[in-house]
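The sequence shown begins at 1 in full-length UniProt numbering and counts up one residue at a time.
Even for Gly, the Cβ is constructed at its ideal location relative to N, Cα and C.
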Amino acid sequence: MSVINSGTVELGGREVHRLGFGAMRITGPGIWGPPHDHDEAIRVLRRAVELGVDFIDTADSYGPYVSEDLIREALHDGTGYGDVVIATKGGLTRSGPNVWPPLGRPEYLRQCVLMSLRRLGVDRIDLWQLHRIDPKTPREETFAEVKSFVDEGLARQIGLSEVSVEEIKAAQDAGLPVASVQNRYNLGDRRAEDVLDFCTDQGIAFIPWAPVDAGTLARPGGPLDKVSVRHEGASTAQLALAWLLRRSPVIVPIPGTSSVAHLEDNLGAADVVLTDEEFELLSRRPD
1 MSVINSGTVE LGGREVHRLG FGAMRITGPG IWGPPHDHDE AIRVLRRAVE
51 LGVDFIDTAD SYGPYVSEDL IREALHDGTG YGDVVIATKG GLTRSGPNVW
101 PPLGRPEYLR QCVLMSLRRL GVDRIDLWQL HRIDPKTPRE ETFAEVKSFV
151 DEGLARQIGL SEVSVEEIKA AQDAGLPVAS VQNRYNLGDR RAEDVLDFCT
201 DQGIAFIPWA PVDAGTLARP GGPLDKVSVR HEGASTAQLA LAWLLRRSPV
251 IVPIPGTSSV AHLEDNLGAA DVVLTDEEFE LLSRRPD
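Structure follows, in structure tokens:
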């Protein structure tokens, strides 16, 4: 088993496999505090890399800080992360489980990136992403500060999360070199379709979060169920991820989990090949 068949894309200044790992779920309930099983979280991270994953996405708000700390404990070799690109995010605050207020003031974002550098044990972050645009802060101020992270060598590349096409264009007009966009997108939720199409045209990596949520398409007798019959042994999660990988060459799914068994199942999507008919069936808009 390996993610090698998922293809590659350029991120963090390197070619990485398009099937990555999202490190949100290795924290506690509500993405708050440490994981229930610390050792399993470490095994998940190491097993992902063993299976060829070389793109891991996290954020300072996951825990908060817990996910970044676990990544360093599991994967840092004393000098860095080798061929593994570690992406992180900043721009949210945490005051409890499932609470995520945005804060885009320049001084806070600078604190975010500097502290992530320290926690991850690196001199430069491969891909630093603005977790949300703060409506209470002029976005021009936010974009200018984030651009300075690249100019100063604190981050190799910059990404945005949960943005519209207009907001991506505004960031580009402000001189921000947008390397990636991370929006919610999956078989069951395609509200970001226009953003994905824009990223495809622009050659911007599109990182869909919640990538395996198939919604009504996974119901008994539904399209995903029908396709699964033809792929004996393939889970619905694998099929949903296989659809994403085929949907656009810039898509980089980052399924997350706190279980090695679940990780291995997800990454098996790299070996699932959908026929044209199956892809078209799954591509029909959900009811």
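- Could you check what DSSP says for V227 in three-state terms: helix, strand or coil? Locating residue 227 in the sequence shown gives position 227, counting from the first residue. It is helical.
- Message: Taking 8 Å as the limit between beta carbons, can you name the residues of its chain near G222, skipping five residues before and five after?
- Response: Translated into positions along the sequence shown, residue 222 becomes position 222. Here the set comprises T216.
- Task: Specify the secondary structure class of S248 as computed by DSSP and reduced to three states.
- Result: Counting from 1 along the sequence shown, the entry for residue 248 is found at position 248. S248: coil per DSSP, three-state reduction.
- Item | Given E282 as reference, the closest of R246, A261, G268 once Cα atoms are compared | In the sequence shown, the residue the question calls residue 282 occupies position 282. Looking at the sequence itself, residue 282 is Leu, so the reference to Glu does not match. For the residues R246, A261, G268, the minimum Cα distance to L282 belongs to R246.
- Query: Which residue from I31, V122, D134 puts its Cα closest to that of L75?
  - Reply: Walking along the sequence shown from the start, residue 75 turns up at place 75. The shortest C-alpha separation from L75 is found at V122.
- Please state if the CB of S6 and the CB of A270 are separated by a distance shorter than 7 Å. Walking along the sequence shown from the start, residue 270 turns up at place 270. Walking along the sequence shown from the start, residue 6 turns up at place 6. In this structure, S6 lies closer than 7 Å to A270 by Cβ.
- Item | Sequence ranges, alpha helix (DSSP H) only - wholly within the segment 167-206, length at least 4 | 193-202
- Answer yes or no: do L130 and L176 have a C-beta to C-beta separation smaller than 7 Å? By one-based count along the sequence shown, residue 130 stands at place 130. By one-based count along the sequence shown, residue 176 stands at place 176. Result no, Cβ atoms of L130 and L176 do not sit closer than 7 Å.
- Count the C-beta pairs between the segment 76-90 and the segment 99-118 that are closer than 8 Å, then say yes if the count reaches three, no if not. yes
- Query: With C-beta atoms as the reference, is A205 less than 7 Å away from V250?
  - Reply: Translated into the one-based positions of the sequence shown, residue 205 becomes position 205. Translated into the one-based positions of the sequence shown, residue 250 becomes position 250. Yes, these two residues count as a Cβ contact at 7 Å.
- Under the three-state DSSP convention, the category S148 falls into: The residue labelled residue 148 in the question sits at position 148 within the sequence shown. S148: helix per DSSP, three-state reduction.
- Cα-Cα separation between P102 and I133, rounded to whole angstroms: Working through the sequence shown from its first residue, we reach residue 102 at position 102. Working through the sequence shown from its first residue, we reach residue 133 at position 133. Using only the alpha carbons, I get a separation of about 7 Å.
- Message: I'd like to know whether the C-beta atoms of C112 and D60 end up nearer to each other than 7 Å.
- Response: Indexing the sequence shown from 1 puts residue 112 at position 112. Indexing the sequence shown from 1 puts residue 60 at position 60. Yes. Within cutoff.
- Exposed or buried, G233, counting other C-beta atoms within 10 Å across all chains shown (16 or more means buried)? The residue given as residue 233 occupies position 233 in the sequence shown. Its Cβ having fewer than 16 others within 10 Å, G233 is exposed.
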